[in-house]
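Step one of this worksheet: look at the structure below.
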Amino acid sequence: MKCNNYYDVTKWETGNPYEDIGEVINSMIADIKSRQTDSDVKEGGKPGAVIYIPPGDYHLHTQVVIDISYLKIMGSGHGFVSSSIRYNLPQDEWKDLHEVWPGGSRILVELSGNHASEKDGAAFYVERDGNPRISSVEFENFCIDGLHFEDDGTKKNDPENTYINGKTGIYIASAQDSFRITGMGFVYLEHGVVIYHADALSIHDNFIAECGNCIELRGWGQASKITDNLIGAGYNGYSILAQSFGGLLISNNNVFPRGKSSVCFQNVAKSIISNNRFHSFYPGMLSLEDNCSENMISSNHFLRDNEPWKPMLDNDNGLDDSYGLLYINGNNNSIVANHISEMIQRRYIKPLDAMPVIIRIASGRGNYISNNHIVATCDIENELQDASDSCYSAQVDALTSLNNIREMSVVYVLVEQEATNNTILDSGNEKQVILDRTVNVFRPTPALGD
Numbered sequence: 000m001k002c003n004n005y006y007d008v009t010k011w012e013t014g015n016p017y018e019d020i021g022e023v024i025n026s027m028i029a030d031i032k033s034r035q036t037d038s039d040v041k042e043g044g045k046p047g048a049v050i051y052i053p054p055g056d057y058h059l060h061t062q063v064v065i066d067i068s069y070l071k072i073m074g075s076g077h078g079f080v081s082s083s084i085r086y087n088l089p090q091d092e093w094k095d096l097h098e099v100w101p102g103g104s105r106i107l108v109e110l111s112g113n114h115a116s117e118k119d120g121a122a123f124y125v126e127r128d129g130n131p132r133i134s135s136v137e138f139e140n141f142c143i144d145g146l147h148f149e150d151d152g153t154k155k156n157d158p159e160n161t162y163i164n165g166k167t168g169i170y171i172a173s174a175q176d177s178f179r180i181t182g183m184g185f186v187y188l189e190h191g192v193v194i195y196h197a198d199a200l201s202i203h204d205n206f207i208a209e210c211g212n213c214i215e216l217r218g219w220g221q222a223s224k225i226t227d228n229l230i231g232a233g234y235n236g237y238s239i240l241a242q243s244f245g246g247l248l249i250s251n252n253n254v255f256p257r258g259k260s261s262v263c264f265q266n267v268a269k270s271i272i273s274n275n276r277f278h279s280f281y282p283g284m285l286s287l288e289d290n291c292s293e294n295m296i297s298s299n300h301f302l303r304d305n306e307p308w309k310p311m312l313d314n315d316n317g318l319d320d321s322y323g324l325l326y327i328n329g330n331n332n333s334i335v336a337n338h339i340s341e342m343i344q345r346r347y348i349k350p351l352d353a354m355p356v357i358i359r360i361a362s363g364r365g366n367y368i369s370n371n372h373i374v375a376t377c378d379i380e381n382e383l384q385d386a387s388d389s390c391y392s393a394q395v396d397a398l399t400s401l402n403n404i405r406e407m408s409v410v411y412v413l414v415e416q417e418a419t420n421n422t423i424l425d426s427g428n429e430k431q432v433i434l435d436r437t438v439n440v441f442r443p444t445p446a447l448g449d
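Right, dumping it as structure tokens:
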């Protein structure tokens, strides 16, 4: 029996998917809505549909608008390849590249850059009012490519390195339930994924990199997860941002450097960050802001080192090294059993005479800092070496270099005067932790000779 709820964009009678896949998908959604009109037929009625995007390049000039539940849009390959590395090669070398552009089931976002609002630049826009909330919309296994970044007017960067173009991959504007974003590729978008009011959201096993911002959970939300992703934002944006969230799980992600923060929580409570690998070129790689409370940060690996790639040397996130690699504003948060490495060249410390801070409790009560292993070193051999022209080899060399490493003086934990009744255990010795012992609890890590 033929199924009427499976669509292939290359076999639809309306529009040309290679010229404007947005027009084609919108026509398919209209067809689904015209056929599935009864909400209760034999305890069913609106099963939704699958829209399939075969491997190929599909230009998008019309925004896809989704306002139905139970819709799955899927392809056959996330198709990610580094556009940043390509754009920073001389064009006369492009002819020798095996591939030049991303591949797989690839959507090329060519929406106009003149948007009245942020949402107008989204390739996929999801919104529906009323009850129940829109549910079970899924995006799986295709690539959304923003193609180019634009001149920011500063003359500081090549236009392809600005992370600005007004384009968003997926923008979900209304409260929703049980959405899934799985196996996707996002590249060269100012915003990869923007989601308001999420409930039971799963963002899993995606490649979201070389975007101005990668994952932004805005407004408020609950009971969701960000797991097993490869993520890397630009120096202006967030790799992972969550606002006013409860019960968020962030686990098993590999977060690349160059985002202004690896994870930024704003008024987030009772959430978990565990078993992730975080890499950053700047302080503030984990930031708990706006009175975050009762969050658990454990068993993560944090690495901060220097930008090794010449095209990006002049960029940072604007924070001084006294801000802290891990910044805490809030109450009753636990920072337990993390490995934290800082290996930076002294000439890149901001300001030059500053003492870098690893964990900083800026304000709050009842925070519990325990059994964190902190390693702070300087690579003497490479102290005066210049950055490399090769992105890949420069970063691998920086990660694996073990020669002429020397310990560097840093503050392991700083508890500001505004923070009281916090507990600091085995996360630095007497000389490495700064706090007021009359209003905080401190047990130093034993030092040699104690």
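0 is the number of the first residue of the sequence shown in numbering that gives the first Met the number 0; add one for each residue after it. Beta carbons: idealized from backbone N, C-alpha and C, even for Gly.
query	result
Please say whether C291 and N252 have beta carbons closer to each other than 8 Å?	no
Let me know the secondary structure DSSP gives G363 once reduced to three states.	strand
Taking all protein chains shown into account, do 16 or more other C-beta atoms lie within 10 angstroms of the C-beta of L383, making it buried, or fewer, making it exposed?	Low confidence applies to L383: its pLDDT is 47, below 50, so where it sits in the model is not reliable, and the reading given next is rough at best. The residue is exposed, with fewer than 16 neighbouring Cβ atoms inside 10 Å.
Does the pairing of the region 179-197 with the region 71-87 give three or more beta-carbon distances under 8 Å?	yes
Take I163 as the anchor and find which of D176, A232, L216 and H97 has the nearest alpha-carbon.	A232
Considering N25, what are the terminal residues of the alpha helix (DSSP H) in which it resides?	P16 to R34
Among G78, S261 and I28, which one has its Cα closest to the Cα of E98?	G78
Entirely within the region 117-199 and at least 3 residues each: give me those beta strand (DSSP E) ranges in chain order.	121-125, 137-139, 142-144, 167-171, 179-181, 184-186 and 190-198
Find the nearest neighbour of N370 within the set I296, N130 and R436, judged by alpha-carbon distance.	I296
Determine the burial state of M0: buried for a count of at least 16 other Cβ atoms within 10 Å of its Cβ, exposed for fewer.	At M0, the pLDDT of 42 sits below 50, so the modelled position is not reliable; the number obtained from the coordinates is stated separately. Label assigned to M0: exposed.
Tell me which same chain residues have a C-beta within less than 6 Å of the C-beta of T61, skipping the five on either side of it?	D19, G21 and E22
What does the alpha-carbon distance come out to for the pair A241 and D91?	42 Å
Do you know how far the Cα of S116 is from the Cα of G165?	9 Å
In whole angstroms, what separates the C-alpha of I373 from that of R105?	42 Å
Quick check on the DSSP output: what are the complete beta strand (DSSP E) runs of length 3 or more inside the region 231-298, in order along the chain?	237-242, 244-250, 260-265, 271-273, 276-279, 285-292 and 295-297
Counting C-beta neighbours from all protein chains within 10 Å, is the total for V438 16 or more, i.e. buried, or is it exposed?	exposed
Please report the Cβ distance between V452 and I358, rounded to the nearest whole angstrom; I am assuming they are in contact, meaning their Cβ atoms lie under 8 Å.	Not covered by the structure: residue 452. The range shown for the chain is 0 to 449.
To the nearest angstrom, how far is it from the Cα of G102 to the Cα of D56?	7 Å
Can you tell which of N420, T444 and D313 has the C-alpha that lies nearest to the C-alpha of R436?	N420
List, from N- to C-terminal side, the beta strand (DSSP E) runs of 3 residues or more that fit wholly inside the region 53-113.	55-59, 63-65, 70-74 and 104-108
With a threshold of 8 Å, are at least 3 pairs of Cβ atoms found where one atom belongs to the region 308-320 and the other to the region 274-282?	yes
Looking only at its chain, what residues have a beta carbon closer than 7 Å to the beta carbon of F441, apart from the 5 residues adjacent to it on each side?	I423, V432 and L434
What's the C-alpha gap between R127 and V136?	12 Å
When burial is assigned at 16 or more other CB atoms within 10 Å of the CB, is Y6 buried or exposed?	buried
Within a Cβ cutoff of 6 Å, which residues of the same chain sit near I475, ignoring the five residues on either side of it in sequence?	No answer is possible for residue 475: the residues shown for the chain start at 0 and end at 449.
Applying the criterion that 16 or more other CB atoms from any shown protein chain within 10 Å of the CB defines a buried residue, is T167 buried or exposed?	buried
Is it true that the CB of A122 sits closer than 8 Å to the CB of I143?	yes
Can you check DSSP and say which residues form a bridge with S333?	M295 and Y367
Got a sec? Which residues, its chain only, sit under 6 Å from I72 by beta carbon, not counting five neighbours each side?	I50 and F138
Secondary structure at D320, three-state DSSP: helix, strand or coil?	helix
On the DSSP bridge assignment, give the partners of S223 in chain order.	L247
Which term fits D95, buried or exposed, when burial requires 16 or more other beta carbons within 10 angstroms of its beta carbon?	exposed
Please list the terminal residues of the continuous beta strand (DSSP E) segment that includes C210.	F206 to C210
Once the 5 residues before and after A375 are set aside, which same chain residues still bring their CB inside 6 Å of it?	E341, M407 and V409
Cα separation between R34 and P46?	11 Å
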